[in-house]
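**Q** Using the working numbering, you'd call the opening residue of the sequence shown number 73 and step up by one each time.
All C-beta atoms in this analysis are idealised placements derived from N, C-alpha and C, irrespective of residue type, glycine included.
Sending over a structure as structure tokens; questions will come in a sec.
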Amino acid sequence: MSSVAIIGAGMSGLAAAHILQDAGYAVTLFEQKHNPGGRATTHKRDGFIFDPGAQYIKQGAPDSVSFITDRFSIPDLIDIARPVWIFDGSGHIQEGDPILNAEPKWNYRHGLCMLAKRMGEGLDIRFETHIAHVQQTHIGWNLYAYQLIRSFEYLIIAIPAPAASALIQASHFTHDIRSQICTQLDTARYNPLISVALGYRPRPTSRPYYALVNTDRQHPISWLAWEHEKAPERAPADTGLLIAQMAPSYSIEHWDTPDADLIPGVVERVRTLIDEELPYPFFTDVQRWPYALPSDKADADKLNALTLAHGLAFCGDAFVGGRVHLAIEHGILVAGQFIGQHARS
Ligand SMILES: Cc1cc2nc3c(=O)[nH]c(=O)nc-3n(C[C@H](O)[C@H](O)[C@H](O)COP(=O)(O)OP(=O)(O)OC[C@H]3O[C@@H](n4cnc5c(N)ncnc54)[C@H](O)[C@@H]3O)c2cc1C
Numbered sequence: 073m074s075s076v077a078i079i080g081a082g083m084s085g086l087a088a089a090h091i092l093q094d095a096g097y098a099v100t101l102f103e104q105k106h107n108p109g110g111r112a113t114t115h116k117r118d119g120f121i122f123d124p125g126a127q128y129i130k131q132g133a134p135d136s137v138s139f140i141t142d143r144f145s146i147p148d149l150i151d152i153a154r155p156v157w158i159f160d161g162s163g164h165i166q167e168g169d170p171i172l173n174a175e176p177k178w179n180y181r182h183g184l185c186m187l188a189k190r191m192g193e194g195l196d197i198r199f200e201t202h203i204a205h206v207q208q209t210h211i212g213w214n215l216y217a218y219q220l221i222r223s224f225e226y227l228i229i230a231i232p233a234p235a236a237s238a239l240i241q242a243s244h245f246t247h248d249i250r251s252q253i254c255t256q257l258d259t260a261r262y263n264p265l266i267s268v269a270l271g272y273r274p275r276p277t278s279r280p281y282y283a284l285v286n287t288d289r290q291h292p293i294s295w296l297a298w299e300h301e302k303a304p305e306r307a308p309a310d311t312g313l314l315i316a317q318m319a320p321s322y323s324i325e326h327w328d329t330p331d332a333d334l335i336p337g338v339v340e341r342v343r344t345l346i347d348e349e350l351p352y353p354f355f356t357d358v359q360r361w362p363y364a365l366p367s368d369k370a371d372a373d374k375l376n377a378l379t380l381a382h383g384l385a386f387c388g389d390a391f392v393g394g395r396v397h398l399a400i401e402h403g404i405l406v407a408g409q410f411i412g413q414h415a416r417s
């Protein structure tokens with residue numbers, strides 16, 4: 073069996089792992105966190121179950137749809153019924169696009185993490201292992217955390233492009249491809265994002281929508297979701313949870329602001345936007361995403377054309393756009409290209 077290491081057990085790395093494992097490769101994933109899923113994650117705190125990163129999964133191409141509805145389907149899967157409405161920089165709220173709102177908005181009763189959990193079953197994942205650099209040898213790849221972890225014949229890197237670029241910069245190659253790899257990776261750009269969860273008692277007033285999105289990018293809030301609308305399990309009956317995702321400019325400006333100083337400003341902006349007299353939230357949670365969503369993509373075809381012959385490939389949302397279904401589809405695609413390349417060589 074040929075051995076493949078995958079750095080990153082986000083949705084793209086998990087999808088690639090299954091395709092390679094199906095094809096008979098011995099796959100090991102390395103994940104710096106203690107659970108799989110990356111930005112498609114869930115927090116469980118104080119009786120709340122909430123998704124601080126990706127909010128739901130759109131219906132994509134048949135490859136990702138069949139993963140969600142068939143191969144990794146679980147009874148927990150839900151389609152968020154209420155629509156998403158829109159608002160502008162002045163806070164004016166109006167109905168969203170009926171065509172977009174007719175599409176499924178998939179999630180899971182117990183959190184978006186349920187998909188990654190299900191996809192992680194049957195895979196060899198080494199958690200809490202941050203890969204600091206790799207070394208190309210004449211027979212494959214050595215992976216290093218603080219020290220050498222293991223050698224593999226092949227390597228797939230499934231992490232955000234800026235993190236991949238830093239890893240490659242710190243790595244050693246037998247062939248002079250490092251600067252060319254970094255040039256390709258560095259064309260991707262990510263926006264940072266601060267996500268703030270606000271728990272209220274009593275529950276905020278029910279609305280005709282589940283979430284609001286800012287369409288002109290002129291508001292400090294880019295997304296506001298009534299998280300308890302996803303499923304009854306998401307919040308105790310007498311409470312409600314709002315998730316405010318702050319705009320990139322606001323997030324950059326407040327990146328180093330301590331949570332205690334950040335939260336009151338977010339609470340006030342939420343109250344003003346929805347024009348509702350809410351009590352001060354009794355629960356808060358702040359998540360900072362340095363690489364939230366790519367604003368500019370890198371070209372995976374160019375990059376992998378350079379690296380595949382060396383038994384190295386890259387996948388993830390940096391190449392296709394910041395969506396869970398796109399990350400899954402890219403993992404599937406790159407794993408297929410990888411298998412094709414090594415069948416030929
Ligand atoms: C706030 C926010 C809201 C979003 N909203 C939506 C949405 O509503 N719908 C949607 O479809 N998408 C949404 N997205 C985007 C979506 O979450 C991502 O596009 C997708 O999850 C990316 O998957 P990935 O596998 O490419 O990368 P990631 O999820 O980033 O996975 C990479 C994994 O690699 C690990 N890792 C990184 N470096 C190393 C290392 N050196 N060693 C070991 N492990 C490492 C990370 O811990 C992570 O688990 C949102 C994202 C954010 C942050």
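For the alpha helix (DSSP H) that Ile404 lies in, which residues bound it at each end?
**A** Val396 to Arg416
**Q** What is the DSSP secondary structure of Arg117, counted as helix, strand or coil?
**A** strand
**Q** Since Val312 sits in a beta bridge, which residues does DSSP pair it with?
**A** The sequence as given places Gly at residue 312; Val does not occur at that position. As computed with DSSP, Gly312 is found in a beta bridge with Tyr272.
**Q** Using the DSSP secondary-structure output, state which residues sit across from Arg298 in a beta bridge.
**A** The sequence shown places Trp at residue 298, not Arg. Paired residue(s): Leu314.
**Q** The alpha helix (DSSP H) that contains Gln256, what's its start and end?
**A** Arg250 to Leu257
**Q** With DSSP as the reference, label Asp169 as helix, strand or coil.
**A** coil
**Q** Can Tyr262 and Leu365 be called in contact, C-beta distance under 8 Å?
**A** yes
**Q** Got a sec? Which residues, its chain only, sit under 8 Å from Leu239 by beta carbon, not counting five neighbours each side?
**A** So the list reads Ile79, Ile203, Ala204, His205, Val206, Ile229 and Ile231, once near-sequence residues are dropped.
**Q** Over what stretch of residues does the alpha helix (DSSP H) that includes His90 continue unbroken?
**A** Met83 to Asp94
**Q** Using the DSSP secondary-structure output, state which residues sit across from Asn214 in a beta bridge.
**A** Gln207 and Ser223
**Q** From Tyr363, Pro351, Thr287 and Ser237, pick the residue whose C-alpha is nearest to that of Thr277; which is it?
**A** Pro351
**Q** So the beta strand (DSSP E) Arg360 belongs to, where does it begin and stop?
**A** Phe355 to Asp368
**Q** On a Cα-Cα basis, can you pick out the residue from Ile266, Ser237 and Phe245 that is closest to Thr259?
**A** Between Thr259 and the set Ile266, Ser237 and Phe245, the nearest pair of CA atoms involves Ser237.
**Q** With respect to the beta strand (DSSP E) encompassing Asp151, which residues constitute its N-terminal and C-terminal limits?
**A** Here the beta strand (DSSP E) through Asp151 covers Leu149 to Asp151.
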